[in-house]
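Just so you know, the working numbering puts the end of the sequence shown at 291, numbered straight through with nothing missing.
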Amino acid sequence: MAAETLSLTPPPGARPDWTIDQGWDAYAQAEHDVWVTLYERQCALLPGRACDPFLKGLDSLDLHRTGIPDFARINEELKRLTGWTVVAVPGLVPDEVFFEHLANRRFPAGQFIRRADQLDYLQEPDVFHDVFGHVPMLTDPTFADYMQAYGRGGLRAMNLGRLHNLARLYWYTVEFGLLETPAGLRIYGAGIVSSHAESIFALDDPSPNRLGFDLARVMRTPYRIDDFQQVYFVIPSLQALLDSTLSDFGALYAYLASQKDIPIEAILPDDKVFNRGTQAYAQRGGQTAA
Ligand code: HBI
Ligand code: FE
């Protein structure tokens, strides 16, 4: 179910802002074991692939523990670092609810964890995607500011009917963004960093385009939710990403109203090209259903 079609009525047991108690004591050992399996697999892979702010955040929040983190414990350090806290939710929440939380430096994280037989494929964001994927970057002050600015922008975009453009910005930065560094491209997007296969594909595979980030370009580019991305956008720095939110979004939305979407596999003459993808993966029909 897409987040925008969720009714605003929270599910039974959830508070009006859709938060629930994490109930950390109630997790079964088998659930903690899934976290450890996923955590150890990613941590063997990510040095040299994830960006330094992500790796630093992972350490400072001490997610190394032997299982699903207790949000109350990580919130002590997270709040001290950037004023953010993680709040537990049952799963996807309506866009309006999601933006309201982000605008107040609260990150809504799924309380549930995937089953051991679902390690690589997941419909909804679970606690591993949300806490391992998203939360370490929230320890970086610049990215923490960006996420709050995004939340505020989301509430405005909804009122202007521009939510689909802003969702693309979220998708190509917060979920699937790459960062240019002197040592090469590094991952900061949660959707990549929480996925074993995509942590490899996004950096190494010749198939996808890797293009320089541009706000209007990203907002005109559709995305796929069910497979690896056909294009990844590269930011020069987290500061540049934050600075992009200072743009006049009203003028940007007016411009977008006169522009057509850009085909997902296209490379435009003005694009800064880090990799001209073969699109071989997408032409092979992508992943076999996991
Ligand atoms: N809800 N819990 C949760 N996590 C998300 O990442 C999320 C959401 N609701 C809406 C949403 N993401 C997307 O529509 C964003 O583009 C806003
Ligand atoms: Fe996510």
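Heads up, the beta-carbon is just placed ideally off N, CA and C, and yes, glycines get one too. Owing to the predicted nature of the structure, the values given are computational and were not obtained by experimental measurement.
Going by beta carbons, Asp-63 and Glu-78 fall inside the 9 Å limit.
Taken through DSSP and simplified to helix, strand or coil, Pro-109 comes out as strand.
Under a 10 Å Cβ-count criterion, Tyr-173 is classified as buried, with 16 or more other Cβ atoms of the shown protein chains found around its own Cβ.
By the Cβ criterion, the segment 177 to 185 is in contact with the segment 228 to 246, since at least three pairs of Cβ atoms, one from each stretch, lie closer than 8 Å.
A Cβ-Cβ separation of about 15 Å leaves Trp-19 out of contact with Val-128 under the 8 Å criterion. Boundaries around Glu-32 are those of the alpha helix (DSSP H), 30 to 46, since no beta strand (DSSP E) includes it. At least one heavy atom of the ligand FE sits closer than 8 Å to the Cβ of Ala-191. For Leu-216, the closest alpha carbon among the candidates Asp-205, Pro-17, Ala-252 and Gly-111 is that of Ala-252. Residues Tyr-282 of the same chain have their beta carbon placed closer than 7 Å to that of Asp-206, with the five preceding and five following residues left out of the count. By the C-beta density criterion, Val-136 is buried, having at least 16 other C-beta atoms within 10 angstroms. Per DSSP, the beta bridge partners of Thr-86 are Arg-107. Beta bridge pairing from DSSP links Gly-213 with Val-235. Judged by DSSP secondary structure, Thr-143 falls within the alpha helix (DSSP H) whose first and last residues are 142 to 160. When the beta-carbon positions are compared, Val-194 and Ala-51 come within less than 9 Å of each other.
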